[in-house]
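So the sequence shown is numbered by my numbering: it starts at 30 and just counts up by one.
Glycine included, every Cβ here is placed at the ideal spot set by N, Cα and C.
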Amino acid sequence: CGDLILQEKVFLFAIYLFTQDILRSLRRSLIKKQISNQIYFIYKMLISANEMKKNYMQGTYIVIYAAW
């Protein structure tokens, strides 16, 4: 009887680890997506700063500020 309970606990623990792994990989991919979005945003900001021919240092400052 006790052996069956142990098997069930091991099974539940395996499911728990599996879901944790899925959540972790989801979180990782979300972070990756956020980083690539930020890089894209910075790229866009730099291009627009170049196009406008404004104060380039100011444009870079805005980009750095927006990234954080």
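Just the Cα atoms here: how many angstroms apart are L41 and R56?
-> 22 Å
Just how far apart, CA to CA, sit L75 and L59?
-> 24 Å
Length of the line joining the Cα atoms of Y72 and K61 | 16 Å
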